[in-house]
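Just below is one structure, and these are the notes that go with it.
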Amino acid sequence: MRLNIAMDGPVGAGKSSIADAAAKRLGILHLDTGAMYRALGLKALREGMDLQDEEKMVELCRGLNLAVRVGAGGQETLLDGEDVSSLIRTPEVSMAASTVSRYAQVRRRMVQLQQALAAEQDMILDGRDICTTVLPDAPVKIYLTATAEERAKRRWLEMKEKGEKDTYEEVLAQVRARDEQDMNRPVEPLRQAEDAVLLDTTDLSFDQVVDRITALAEEARRKG
Ligand code: DC
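Set out below in structure tokens:
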């Protein structure tokens, strides 16, 4: 059986770095699905388009020249052939990604691309709807979370290291705004799948979380 690990959770729960570490340990790949919505958000911002215009966003998504390369060395997200992996990490693109991800037809296209990638390889996918929509039959399903304050603190420390000037209060407000948008959108809002394992990382170390995920995956491998 294909070893796909589905992982959802709110912004700043550490999904991406945790998934990277777990994938390395398990010798499988990691697909960061948020990068795909980010690439669309970046394209819309570059074109100066109105992100609230659903029809335009769906049209833009249909014609999007997006390629995702996942390898043992990590993920490259290519927009119109350009590697935009770092450019899609700004707060502006984060919010744009959250906005364009509200549209049902945008989601449909992204979900199809993700399912096609997951069918080809053993991988861990992280996002907002992986357990609920993309891979509801994945052998391992995880909901990774932590309090908004803890998530904002982690993100703020990360940003500070990169020399960014946002205050903790600003980062907390951004985290709350994205939670609000991701959890309350009408189409496939972020929620914990009934059969997903809840991992609240507020009081867990990075390694404890990775240990837990790899243990779940090893168990699924034995059963599979
Ligand atoms: O995981 P991230 O912060 O890179 O995701 C950026 C935005 O994309 C997020 O605010 C919501 C959206 N997203 C989504 O709706 N579904 C996914 N599977 C991944 C991300």
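Residue numbers are given in the numbering used here: position 104 of the sequence shown equals residue 105, and the series is strictly consecutive.
Beta carbons: idealized from backbone N, C-alpha and C, even for Gly.
Note that the structure is predicted; figures quoted are calculated from it, not measured.
Under three-state DSSP, which class holds L145? In the sequence shown, residue 145 corresponds to position 144, counting from 1. In this structure, DSSP gives L145 an extended state, which the three-state scheme calls strand.
Using the Cα positions of P190 and G10, report the straight-line distance between them to the nearest angstrom. Translated into the one-based positions of the sequence shown, residue 190 becomes position 189. Translated into the one-based positions of the sequence shown, residue 10 becomes position 9. Rounded to the nearest angstrom, the two C-alpha atoms are 11 Å apart.
Taking only three categories from DSSP, how would you classify L235? As displayed, the chain neither begins before 2 nor continues past 225, which places residue 235 out of reach and without an answer.
Buried or exposed: D130, going by 16 or more other Cβ atoms within 10 Å of its Cβ? Residue numbering aside, residue 130 sits at position 129 when the sequence shown is read from its first letter. Result: buried.
As an exercise, report each continuous alpha helix (DSSP H) stretch of at least 4 residues that is fully enclosed by the region 2-28, in chain order. Counting whole runs of 4 or more residues, the region 2-28 contains the alpha helix (DSSP H) stretches 16-27.
Contained alpha helix (DSSP H) runs [length at least 4] in the region 139-223, N- to C-terminal order: Correct list: 149-162 and 169-185.
Would you give the residue range spanned by the beta strand (DSSP E) that E55 belongs to? Numbered from its first residue, the sequence shown carries residue 55 at position 54. Unbroken run through E55 is the alpha helix (DSSP H), E55 to R63; no beta strand (DSSP E).
Just reading off the beta strand (DSSP E) that T78 is part of, what are its end residues? Residue numbering aside, residue 78 sits at position 77 when the sequence shown is read from its first letter. Segment G75 to L80, the beta strand (DSSP E) holding T78.
Of the choices I19, D196, V12 and R103, whose alpha-carbon is the least far from that of T215? As a working mapping, residue 215 is identified with position 214 in the sequence shown. Considering only alpha carbons, the answer is I19.
Which of the three DSSP states is assigned to G42 in this structure? Position 41 of the sequence shown holds residue 42. In this structure, G42 counts as helix in the three-state DSSP scheme.
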